[in-house]
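Have a look at the structure below, then the notes.
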Amino acid sequence: MKEPVVEFKGVTKRFGKVVALDDLTLVINGRVNGLIGPNGAGKTTLINTMMGFTRPNAGTIHVLGYDVDSELNEVKKRIGVLPERPGFPGTFSAEKFLVRVARLRGISKPHKSAREALDVVGLSEAGDRRIRTYSSGMYQRLGLAQAILGEPELIILDEPAANLDPLGRVDVLRIVESYSKEREVRFLLSTHILYDIEKVCDWVGIMDSGRMREQGSVEELIRKYFGLTYSIVVSDPQVFGAELAKTKYVKSVAYRGIAVIVTFKASVDVYEEVIRLAKKVQVRVEDVRPVLGSLDEVLRRVLIPD
Amino acid sequence: MTGKFRELIAWELEENWDFPVLELILAITIIQVLSLVTLARDDADLLANISRPLWSSMVFVFAISAAVVFGRSFGESIERRKLVVLLSYPVSRVQVFVAKFLSNFLATLCLFGSALFVEGILLYMFKPNVYWLMFGDTWIMEVGNAPFIWGLMFFTLLLVVFFASSLMTFLSLMVKRFGLSVLIFLIYLFGMEYWAGAVGNRVPQAYLSLSLGPESIVRYLTAWYVNTFTENYMGTGALTVGFFLTGFCYLLMGGLVFLLASLILSQRIDLD
Chain A
1 MKEPVVEFKG VTKRFGKVVA LDDLTLVING RVNGLIGPNG AGKTTLINTM
51 MGFTRPNAGT IHVLGYDVDS ELNEVKKRIG VLPERPGFPG TFSAEKFLVR
101 VARLRGISKP HKSAREALDV VGLSEAGDRR IRTYSSGMYQ RLGLAQAILG
151 EPELIILDEP AANLDPLGRV DVLRIVESYS KEREVRFLLS THILYDIEKV
201 CDWVGIMDSG RMREQGSVEE LIRKYFGLTY SIVVSDPQVF GAELAKTKYV
251 KSVAYRGIAV IVTFKASVDV YEEVIRLAKK VQVRVEDVRP VLGSLDEVLR
301 RVLIPD
Chain B
1001 MTGKFRELIA WELEENWDFP VLELILAITI IQVLSLVTLA RDDADLLANI
1051 SRPLWSSMVF VFAISAAVVF GRSFGESIER RKLVVLLSYP VSRVQVFVAK
1101 FLSNFLATLC LFGSALFVEG ILLYMFKPNV YWLMFGDTWI MEVGNAPFIW
1151 GLMFFTLLLV VFFASSLMTF LSLMVKRFGL SVLIFLIYLF GMEYWAGAVG
1201 NRVPQAYLSL SLGPESIVRY LTAWYVNTFT ENYMGTGALT VGFFLTGFCY
1251 LLMGGLVFLL ASLILSQRID LD
């Protein structure tokens, strides 16, 4: 049984009057984990506290079973990080930089590892160029290279797709998928690009105002927020919709073509109710199916409740 | 020295002492040294008068250059998130702090020390009446005393660089910005000069300055050396032991206090 990626117990972090993490208690234990939320939600602060960049005002944090406060070096040995807006030494060549990183990480064959990492991120031909001459996309790829160097147990990527073109983004997702499936490396991603999260993550946390507002698999979250919304095709949508709206268990009714889109307040026996109402207003039911939304709709519903 | 610590020092030197910092400081130092050598020639009175402001500011060049180097190393690395990257690897904050401070301090000292050394050799070759004018008008008649005076100057240089480095490290960690920390450093430095100048040079507080403090160390210890180990006599003028100790303790103790404060701050600082 692997240790959880991270465990937060009552963690609070304040910057002056701003509460970045608000009594956060959380266990993240997925293979590829994603953090989403608006700017200032606390995602980067959460990562920073995991890495010891900032110290919480209260609470304890364990990463891969190690206490961040007292065993930070053990944590760092097992983690590769691409921080937000990283600053790499511009005077180094990319390969020399990675060799130095490999030595700091205690990797036995630093040159070989550096060349492998450059190859994985598609920078092998530019490895001898100084970092200061890199484009922002190449810079981000280099950031990814230093994070995956030496195959750490956990890789944390804070906005990994920043400055990347569409091909670069695809490459990041490819690397995440291959490392997580083939090499059993675990990931924690923080990003605003929800498509990336939907594509690769098996656990998602939605943060807002320093709190974890929702968490679970993408499928669980979508079912939770859209499981009560149905598309019902009937012979007379207007009459049926009006009748539905009168009932106490319906939250909202909308029309989309020949379908009535209805959201129920709570879990009811949808099929039984639809048939009962159809008989009552004498319309023919042609189709009843749940409407499942996307992660960005889940995010909107979590952050802006009705 | 552990492998990681050695690697951190190599990292710091390669990153922080690259073009144009090294070349710029070297050029400024050479100009200073050459002006001093020109002064030392017997027939160079005219040049001496012209270039006097240049060489008299040498100690400030040392201090400000050291401040820029340490500001880049600490303030800029926080500002540009280089420190975050470095601390994401399995190294401790203490290791990074000590490696940064030590490597930059030794490199600065080597650079300026070499300049002083070259200056000493040139002066010896030209055999002038030896003026050690860098920290004031200490005029030694015997060339044989030169090595001791050179040693004192190097020691004083060490103190000046140490004080400036520690102060700047502290300021950089406090404000986390390179430009702002340099500005505060300059305001402090020249503010102290103005205040020390205002109280005159007849009270110990006047030696809490970079123009009088280092001079007091060289002049006082030179006089002590000449009077103790040679048959010549050298007066110290109005320079008392209190004045000497003020200048000496200001640089040494001030540097130590700022260094300790910086070390504590580096352990607690939030890299958000």
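For the protein sequence lines, the chains are A and B, in the order given.
Okay, so the first sequence: first residue is 1 according to my numbering, each after it adds one.
Okay, so the second sequence: first residue is 1001 according to my numbering, each after it adds one.
Backbone N, C-alpha and C define an ideal beta-carbon position, used for all residues, glycine too.
Quick caveat, the model's predicted, so the values are computed rather than measured.
Handout entry: Reduced DSSP secondary structure (H/G/I, E/B, other) of Gln1205 (chain B)
Key = Residue mapping note: residue 1205 (chain B) aligns to position 205 of the second sequence, counting from 1. Gln1205 (chain B) falls in the helix class under three-state DSSP.
Handout entry: Span separating the alpha-carbon of Val283 (chain A) from that of Ser235 (chain A)
Key = Position 283 of the first sequence, counting from 1, holds the residue named residue 283 (chain A). Position 235 of the first sequence, counting from 1, holds the residue named residue 235 (chain A). Cα to Cα, the separation comes out at about 6 angstroms.
Exercise for the section: Kindly indicate the opening and closing residues of the beta strand (DSSP E) around Gly210 (chain A). Expected result: The residue labelled residue 210 (chain A) in the question sits at position 210 within the first sequence. For Gly210 (chain A), there is no enclosing beta strand (DSSP E), as DSSP marks it with neither H nor E.
Exercise for the section: Could you tell me whether the Cβ of Ser1077 (chain B) comes closer than 9 angstroms to any Cβ of chain A? Expected result: Taking the first residue of the second sequence as 1, we reach residue 1077 (chain B) at position 77. Closer than 9 angstroms: yes.
Handout entry: Own chain, CB closer than 7 angstroms to Lys1176 (chain B), minus 5 neighbours either side, in chain order
Key = As a position in the second sequence, residue 1176 (chain B) is number 176, starting the count at 1. Once the five neighbours on either side are set aside, the close Cβ partners of Lys1176 (chain B) are Gly1075, Ile1078, Glu1079.
Exercise for the section: Would you mind stating whether Gly90 (chain A) and Arg132 (chain A) have Cβ atoms separated by less than 9 angstroms? Expected result: For the purposes of this step, residue 90 (chain A) is identified with residue 90 of the first sequence, where counting begins at 1. For the purposes of this step, residue 132 (chain A) is identified with residue 132 of the first sequence, where counting begins at 1. Contact flag set, yes.
Problem - Against chain B: residues of the segment 210-232 of chain A by CB proximity under 8 angstroms - result: Listed by position, the residues of the segment 210-232 of chain A near chain B (Cβ gap below 8 angstroms) amount to none.
Exercise for the section: Would you kindly report the start and end of the unbroken alpha helix (DSSP H) that includes Gly1003 (chain B)? Expected result: Reading the second sequence from its first residue, position 3 is the one you call residue 1003 (chain B). It spans 1003-1016 - the alpha helix (DSSP H) in which Gly1003 (chain B) sits, taken as one unbroken run.
Problem - Contact residues within the segment 31-62 of chain A, judged by C-beta distance below 9 angstroms to chain B - result: Result list: Thr44, Thr45, Asn48, Met51, Gly52, Phe53, Thr54, Arg55.
Handout entry: Strand pairing of Lys9 (chain A), partner residues [DSSP]
Key = Within the first sequence, residue 9 (chain A) is the residue found at index 9, counting from 1. According to DSSP, which records beta bridges pairwise, Lys9 (chain A) is partnered with A:Thr60.
Practice task
Please check if any C-beta of chain B sits within less than 9 angstroms of the C-beta of Lys77 (chain A).
Solution key: Taking the first sequence and counting its residues from 1, one reaches residue 77 (chain A) at position 77. So yes, Lys77 (chain A) belongs to the interface.
Handout entry: Per-residue contacts from Leu98 (chain A) into chain B (C-beta, under 9 angstroms)
Key = In the first sequence, residue 98 (chain A) corresponds to position 98, counting from 1. Result: empty, since nearest Cβ-Cβ is about 12 angstroms, beyond 9 angstroms.
Problem - Bridge partners - Asp287 (chain A), DSSP secondary structure assignment - result: In the first sequence, counting from the first residue as 1, residue 287 (chain A) sits at position 287. The bridge partners DSSP lists for Asp287 (chain A) are A:Val233.
Exercise for the section: State yes or no: is the beta carbon of Ser1088 (chain B) nearer than 9 angstroms to at least one beta carbon in chain A? Expected result: On the second sequence, position 88 is the one that residue 1088 (chain B) refers to. Output row for Ser1088 (chain B): interface = yes.
Practice task
Could you say if the segment 145-165 of chain A and the segment 175-192 of chain A meet the contact criterion of at least three C-beta pairs nearer than 8 angstroms?
Solution key: Contact holds: three or more Cβ-Cβ distances are below 8 angstroms.
Exercise for the section: Note down, in chain order, every chain A residue with its Cβ under 9 angstroms from the Cβ of Gly1071 (chain B). Expected result: Taking the second sequence and counting its residues from 1, one reaches residue 1071 (chain B) at position 71. Under a criterion of Cβ atoms nearer than 9 angstroms, no residue of chain A is adjacent to Gly1071 (chain B); the nearest Cβ is some 15 angstroms distant.
Practice task
Identify, in the order they occur along the chain, each residue of the same chain with its Cβ nearer than 7 angstroms to the Cβ of Phe1248 (chain B), setting aside the five sequence neighbours on each side.
Solution key: Counted from its first residue, the second sequence places residue 1248 (chain B) at position 248. The beta carbon of Phe1248 (chain B) lies closer than 7 angstroms to those of Ile1217 in the same chain, with the five residues before and after it left out.
Handout entry: Neighbour list for Arg103 (chain A) in chain B, Cβ cutoff strictly below 8 angstroms
Key = Counting from one through the first sequence, the residue named residue 103 (chain A) turns up at place 103. Here the neighbours are Gly1003, Lys1004, Glu1007.
Problem - Where the beta strand (DSSP E) containing Lys251 (chain A) begins and where it ends - result: Taking the first sequence and counting its residues from 1, the one referred to as residue 251 (chain A) is at position 251. Per DSSP, Lys251 (chain A) is one residue of the beta strand (DSSP E) stretching across 250-256.
Problem - Under the three-state DSSP convention, the category Ser1092 (chain B) falls into - result: Position 92 of the second sequence holds residue 1092 (chain B). In the structure shown, the three-state DSSP call for Ser1092 (chain B) is coil.
Practice task
At 9 angstroms on the CB atoms, spell out the chain A contacts of Val1068 (chain B), in chain order.
Solution key: Taking the first residue of the second sequence as position 1, residue 1068 (chain B) is located at position 68. Chain A residues near Val1068 (chain B): none, gap ~16 angstroms exceeds 9 angstroms.
Exercise for the section: Assign Cys201 (chain A) to buried or exposed, taking buried as 16 or more other Cβ atoms, counted over all protein chains shown, within 10 Å of its Cβ. Expected result: On the first sequence, position 201 is the one that residue 201 (chain A) refers to. Label assigned to Cys201 (chain A): buried.
Practice task
Could you please give the first and the last residue of the uninterrupted beta strand (DSSP E) stretch that includes Thr25 (chain A)?
Solution key: Within the first sequence, numbered from 1, the residue matching residue 25 (chain A) stands at position 25. Per DSSP, Thr25 (chain A) belongs to the beta strand (DSSP E) from 18-28.
Exercise for the section: Would you tell me roughly how many angstroms separate the C-alpha atoms of Val298 (chain A) and Pro4 (chain A), rounded to the nearest one? Expected result: For this step, residue 298 (chain A) is matched to residue 298 along the first sequence. For this step, residue 4 (chain A) is matched to residue 4 along the first sequence. Using only the alpha carbons, I get a separation of about 25 angstroms.
Handout entry: Ile1050 (chain B) (DSSP reduced to helix, strand or coil)
Key = Taking the second sequence and counting its residues from 1, one reaches residue 1050 (chain B) at position 50. Confidence at Ile1050 (chain B) is low in this model, with a pLDDT of 43, below 50, so the placement of that residue should be treated as unreliable; the coordinate-derived value is given next. DSSP places Ile1050 (chain B) in helix when its eight states are reduced to three.
Problem - Backbone CA spacing between Ala1115 (chain B) and Asp1018 (chain B) [nearest angstrom] - result: Residue mapping note: residue 1115 (chain B) aligns to position 115 of the second sequence, counting from 1. Residue mapping note: residue 1018 (chain B) aligns to position 18 of the second sequence, counting from 1. Those two C-alpha atoms are separated by around 19 angstroms.
Handout entry: Length of the line joining the Cα atoms of Pro152 (chain A) and Ile1269 (chain B)
Key = Your numbering for residue 152 (chain A) matches position 152 in the first sequence. Your numbering for residue 1269 (chain B) matches position 269 in the second sequence. A straight-line Cα-Cα distance of about 27 angstroms links Pro152 (chain A) and Ile1269 (chain B).
Handout entry: Unbroken stretches of the alpha helix (DSSP H), 4 residues or longer, contained in the segment 1154-1204 of chain B
Key = Qualifying alpha helix (DSSP H) stretches, in chain order: 1178-1198.
Exercise for the section: Answer with yes or no whether the minimum CB distance from Glu84 (chain A) to chain B is below 9 angstroms. Expected result: Sequence index remark: in the first sequence, residue 84 (chain A) carries index 84 (1-based). Interface residue, yes.
Problem - Close Cβ partners of Gly1071 (chain B) (< 8 angstroms) along its chain, the five nearest in sequence each way excluded - result: Along the second sequence, read from residue 1 onward, the residue named residue 1071 (chain B) stands at position 71. In chain order, Met1168, Leu1171, Ser1172, Phe1178, Ser1181, Val1182, Phe1185 place their CB closer than 8 angstroms to the CB of Gly1071 (chain B), counting only its own chain and leaving out the 5 sequence neighbours on each side.
Handout entry: His62 (chain A) classed as buried or exposed, judged by whether at least 16 other C-beta atoms fall within 10 angstroms
Key = Numbered from its first residue, the first sequence carries residue 62 (chain A) at position 62. Label assigned to His62 (chain A): buried.
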